[in-house]
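Student:
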Amino acid sequence: MMEEMGLPSYRGRQIFAAVQHRRLRSFEEMTDLPKDLRARLNERAQVATLTVESRYISEDGTRRYLMKTHDGLPVETVFIPEERRDTICFSSQSGCPLQCSFCLTAKLGLLRTLTAGEIVEQIHIALNDAYGEGGPTPRGTNLVAMGAGEPFLAFEPLMKALRIMADPAGLYIVPNRVTVSTAGIVPRIKELASVPDRPHLAISLAAPTDELRNELMPINKRWPLEELLGACKEFERSLKPGERFTFEYVMLDGVNDSEEQARQLANLLNRHDLRAKVNLIPHNPADPLPYRPSPPERVERFRQILESKGVHAFVRRPRGRDIYAACGQLAARRTTNMPALAQLR
Ligand code: SF4
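Numbering (the working numbering), first residue to last: 236 to 580.
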């Protein structure tokens, strides 16, 4: 763009750093640029396109942002402070076309896939809110593509966003710090297997049989478990040292959490010779969804059965439930028990 405007290329690098490293949100703030250049840039481009409608802060410190795109569509992002590193859970789509029955986002349907810019901007907004504009990120940042949307249906913008964020002159969040969670878009899992600099992969399973998975995650009718786990095996073979590959299993009271289902799940993964660990995620209640979280004893029993059959399993602690920030709860909801704390740009 700088070249098109007849300017030296170092201006491009300067502006890239201002946006991606200092996380400035307008040309006006780039006071190291000549005033007339800022005016010219303003005529041609826009640094920020998302606006923050509301921000909610959970008792556990988790922050949820309800943002809007320039065309008025909801985008949700969650900032989760953790002891050693912060995690930001971002959205890849506004709404989601997949109809997972345990997920509130599904109720919105697909509104639009986000652009690479909109994906990156969510991270800027969350970091600016936590540490101030341009402030360093003291503890480093992990990213998870587990907000609204199916990331593998936003594959191109997602990969572009990851390239932008990995730039050492920008945010410098490398793919090794990013986990992408998919409901099981098989061709993209296979494609990712051949990408050299790639994020970690997580597969949302939710059921040990096709019959139940068809009900909970209708995408299973398109790519049933045999095909999905076959692709997972292919991906597992491509793993390099230090790469992570996990299964996510949402635990729904009386639906997918019996001892028999734990054995079925272990047998399924063992039959495909998959060594990936399983994260057990107690469901987060979200009206009007008809599910309840599995009681802790049942989750623990499920975990023990998996372990006894050689499958590594961990129980994940839900975060930000009280502000509808937890897994499966993102649906542009305004919580009434907590006022929006700030109007941010
Ligand atoms: S769980 Fe993920 S893939 Fe399924 S409907 Fe919700 S956002 Fe979409």
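Just so it is clear, CB atoms sit at the ideal spot from N, CA and C, and this is done for glycine as well.
Values in this document were obtained by computation on a predicted structure and should not be read as measured data.
1. Curious, which full-length alpha helix (DSSP H) runs of at least 4 residues does the segment 489–526 contain?
2. How about Gln-281: is its Cβ closer than 7 Å to a heavy atom in the ligand SF4?
3. Measuring alpha carbon to alpha carbon, tell me which of Arg-246, Gly-465 and Thr-286 ends up nearest Arg-260.
4. What is the residue span of the alpha helix (DSSP H) that Tyr-245 lies within?
5. So what does DSSP say about Asn-572, is it helix, strand or coil?
6. Three or more beta-carbon pairs under 8 Å between the segment 334–344 and the segment 391–406, yes or no?
7. Indicate, with yes or no, if the ligand SF4 has a heavy atom lying under 7 Å from the CB of Leu-333.
8. Name the DSSP beta bridge partners of Leu-448, please?
9. If you drop the 5 nearest sequence neighbours on each side, which residues of the same chain put their C-beta closer than 6 Å to that of Asp-321?
10. For the ligand SF4, I want to know if Glu-311 counts as a neighbour, meaning its beta carbon is within less than 7 Å of at least one of the ligand's heavy atoms.
11. May I ask whether a heavy atom of the ligand ZN can be found less than 7 Å away from the beta carbon of Gly-384?
12. With Leu-349 and Gln-334 assumed to form a contact (beta carbons below 8 Å), what rounded beta-carbon distance in angstroms separates them?
13. Tell me the residue span of the alpha helix (DSSP H) that contains Pro-531.
14. Over the uninterrupted alpha helix (DSSP H) stretch that includes Gln-357, give me the two end residues.
15. Once you ignore the five residues that flank Glu-353 on each side, which residues in its own chain have a CB closer than 7 Å to its CB?
16. Do the segment 267–282 and the segment 416–434 make contact, defined as three or more Cβ pairs closer than 8 Å?
17. Thinking C-beta only, is Val-413 closer than 8 Å to Leu-378?
18. Just reading off the beta strand (DSSP E) that Met-486 is part of, what are its end residues?
19. By the three-class DSSP mapping on this structure, what secondary structure does Arg-580 have?
20. Measuring straight from C-alpha to C-alpha, what distance separates Ile-360 and Gln-255?
21. Taking DSSP as the reference, what is the three-state secondary structure of Glu-391?
22. How many whole angstroms separate the CB atoms of Ala-501 and Val-534, which I take to be in contact at a CB cut-off of 8 Å?
23. Quick one, which of Glu-532, Ala-511 and Tyr-366 has its alpha-carbon nearest Ala-548's?
24. Give every residue of the same chain whose Cβ lies closer than 7 Å to the Cβ of Val-355, excluding the five residues on either side of it in the sequence, and list them in chain order.
Tutor: Reading it off the structure:
1. 494–506
2. By one-based count along the sequence shown, residue 281 stands at place 46. Checking every heavy atom of the ligand SF4 against the Cβ of Gln-281, none is found closer than 7 Å.
3. Position 25 of the sequence shown, counting from 1, holds the residue named residue 260. With respect to the C-alpha of Arg-260, the residue from Arg-246, Gly-465 and Thr-286 having the closest C-alpha is Thr-286.
4. Here residue 245 refers to the residue found at position 10 of the sequence shown. From DSSP, the alpha helix (DSSP H) with Tyr-245 extends over 244–255.
5. As a working mapping, residue 572 is identified with position 337 in the sequence shown. Low confidence applies to Asn-572: its pLDDT is 38, below 50, so where it sits in the model is not reliable enough to give any reading.
6. no
7. Counting from 1 along the sequence shown, the entry for residue 333 is found at position 98. Yes.
8. Here residue 448 refers to the residue found at position 213 when the sequence shown is read from its first residue. At residue 448 the sequence reads Arg, which differs from the Leu that was named. Arg-448 pairs with nothing; no bridge assigned.
9. If you number the sequence shown from 1, residue 321 lands on position 86. Cβ within range, chain order: Arg-374 and Thr-376.
10. What you label residue 311 is simply residue 76 of the sequence shown in a count that begins at 1. Every heavy atom of the ligand SF4 is 7 Å or more from the Cβ of Glu-311, so no.
11. Questions concerning the ligand ZN fall outside what the structure shown contains, since the ligands it does hold are the ligand SF4.
12. Locating residue 349 in the sequence shown gives position 114, counting from the first residue. Locating residue 334 in the sequence shown gives position 99, counting from the first residue. Wrong, their Cβ atoms sit about 19 Å apart, outside the cutoff.
13. Counting from one through the sequence shown, the residue named residue 531 turns up at place 296. That run of the alpha helix (DSSP H) goes 531–543.
14. The sequence position of residue 357 within the sequence shown is 122, counting from 1. Here the alpha helix (DSSP H) through Gln-357 covers 351–366.
15. In the sequence shown, residue 353 corresponds to position 118, counting from 1. Once the five neighbours on either side are set aside, the close Cβ partners of Glu-353 are Thr-284, Leu-285, Thr-304 and Val-310.
16. no
17. For this step, residue 378 is matched to residue 143 along the sequence shown. For this step, residue 413 is matched to residue 178 along the sequence shown. Their beta carbons are under 8 Å apart, which means Leu-378 touches Val-413 by this criterion.
18. The residue labelled residue 486 in the question sits at position 251 within the sequence shown. Note, Met-486: beta strand (DSSP E), 480–486.
19. Indexing the sequence shown from 1 puts residue 580 at position 345. The predicted position of Arg-580 is uncertain, since its pLDDT is 31 and thus under 50; a value taken from the coordinates is nonetheless stated next. Reduced to three states, the DSSP call for Arg-580 is coil.
20. Working through the sequence shown from its first residue, we reach residue 360 at position 125. Working through the sequence shown from its first residue, we reach residue 255 at position 20. A direct Cα-to-Cα measurement between Ile-360 and Gln-255 gives close to 11 Å.
21. Here residue 391 refers to the residue found at position 156 of the sequence shown. Here Glu-391 sits in helix by DSSP.
22. Stepping through the sequence shown from its first residue, residue 501 is reached at position 266. Stepping through the sequence shown from its first residue, residue 534 is reached at position 299. The pair is not a contact, with the Cβ atoms about 15 Å apart (cut-off 8 Å).
23. Residue mapping note: residue 548 aligns to position 313 of the sequence shown, counting from 1. The shortest Cα separation from Ala-548 among Glu-532, Ala-511 and Tyr-366 belongs to Ala-511.
24. Taking the first residue of the sequence shown as 1, we reach residue 355 at position 120. Same-chain partners within the cutoff: Ala-396, Ile-399 and Met-400.
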